[in-house]
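Residue numbers (the UniProt record's numbering): 1 to 175.
#1: For residue 11, collect the residues of the same chain with a Cβ closer than 8 Å to its Cβ; drop the 5 residues on either side in sequence, then sort them by chain order.
#2: Whole angstroms is fine: what's the gap from residue 149's alpha carbon to residue 156's?
#3: Evaluate residue 154 with the Cβ neighbour count: other Cβ atoms within 10 Å of its Cβ, from every protein chain shown; 16 or more gives buried, anything less gives exposed.
#4: According to the Cβ coordinates, are residue 109 and residue 135 closer than 9 Å?
#5: Going by the CB atoms, is the gap between residue 126 and residue 96 shorter than 9 Å?
#6: Just to confirm, are residue 93 and residue 38 a CB contact at a threshold of 9 Å?
#7: What's the gap between the Cα of residue 40 and the Cα of residue 59?
#8: Out of curiosity, what's the CA-to-CA distance linking residue 81 and residue 6?
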C-alpha cells in the first residue's frame, strides 16, 4: 500500500489511539500522540506509535508510592470504563501488588456517562466499602461529576482520601 502520508498527529485520547495505531502500523508511518497515556500502547506491539507524554505506568507507580508511604493497604478505584481507564487501573493494581497493597473495590463509570443519578449509585456502593482511600482515574467531565456527587454525599470530609490522576491537572490548566 503506497501513501504520501509522512506521519499522523494526534489523537488526544488513548481509546482513539488504540484504533489509529493499527492504521499507522499497516501504513508504516509514525503516529505521534501528545496525550495518550495508556500503558498498553507499547512499542513492541505498536512500533509506529510515538508517545510524547508519560505512560500511565509512571503515574500509577507514583500513586502506589503515595499509598505505601502513608501505610494504606487497600484503595478503591473509580475509573472510566474504557481502554484508558481499565489499563490505567490495571497498571495501578500491578504497582500496588509490588508494595503488598491492593485495590479492594473497582467501580467503572461507563464512557460518556455523567448522569448524576448513575454516579450517585456508584458512590453509594463505594461508601459501603471499608477502604476510604479512593483513586479517581477518569476523564474531566466524569471526574468533576464524581467530585460534585461525593461532596453532596459527604464523602469529601474526614475519613476519606481522594487521589485524582492526571485528568484533574488538565481541568485546572483550563481554568
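Cβ atoms here follow ideal geometry from the backbone N, Cα and C, with glycine treated the same way.
Quick answer:
#1: 17, 20, 33, 35, 36
#2: Cα to Cα, residue 149 sits roughly 10 Å from residue 156.
#3: exposed
#4: no
#5: no
#6: no
#7: Those two C-alpha atoms are separated by around 14 Å.
#8: 33 Å
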